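Q: Starting off with a structure, shown below.
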């Protein structure tokens with residue numbers, strides 16, 4: 779079984795048992811979350827393509843980790859003008875494990 783889900787503005791191809799790093803989802807480690815934005819579901823017999831979402835399809839996943847990505851430095855400079863700006867950013871993420879795909 780295979781599915782395409784949308785979360786955090788991005789699309790992911792998943793199957794049960796996958797570990798996935800997505801944008802932050804509220805919850806504690808060990809919580810079960812349901813993702814309702816399922817765009818495509820492929821089973822052994824058929825493929826269901828949503829317009830834009832597959833009706834009554836859900837993905838259940840458990841939260842494995844809440845964390846922060848490594849720091850990214852944003853540096854802006856305009857030559858000969860004395861303008862410099864340095865800023866850092868750490869993106870929050872959630873690691874989830876896909877438990878089941880419900881059609």
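In our numbering, the protein residues as written are 779 to 881.
Glycine included, C-beta positions come from ideal geometry on N, C-alpha and C.
Remember, predicted model here, so these are calculated numbers, not experimental data.
Could you check the C-alpha separation between residue 838 and residue 872 for me, to the nearest Å?
A: Roughly 14 Å separates the two Cα atoms.
Q: What is the DSSP secondary structure of residue 839, counted as helix, strand or coil?
A: Strand at residue 839.
Q: Ignore the nearest five residues each way along the sequence and tell me which others in residue 849's own chain have a CB closer than 8 Å to its CB.
A: Excluding residues within five positions, the ones whose Cβ falls inside 8 Å are 866, 867 and 868.
Q: Can you look up residue 829 in the DSSP assignment and give me helix, strand or coil?
A: Three-state DSSP puts residue 829 in coil, outside helix and strand.
Q: Among 795, 819, 844 and 862, which residue has its Cα nearest to the Cα of residue 808?
A: Checking every option, the nearest Cα to that of residue 808 belongs to 844.
Q: With burial defined as no fewer than 16 other Cβ atoms inside 10 Å of the residue's Cβ, what is the status of residue 827: buried or exposed?
A: Classification of residue 827: exposed, given that the 10 Å Cβ count is below 16.
Q: Is residue 868 helix, strand or coil by DSSP?
A: Three-state DSSP puts residue 868 in coil, outside helix and strand.
Q: Just to confirm my understanding: we take residue 801, look at its own chain, exclude 5 residues before and 5 after, and list those with CB closer than 8 Å. What are they?
A: Counting only Cβ-Cβ distances below 8 Å, and skipping sequence neighbours, we find 785, 786, 787, 788, 869, 870, 871 and 872.
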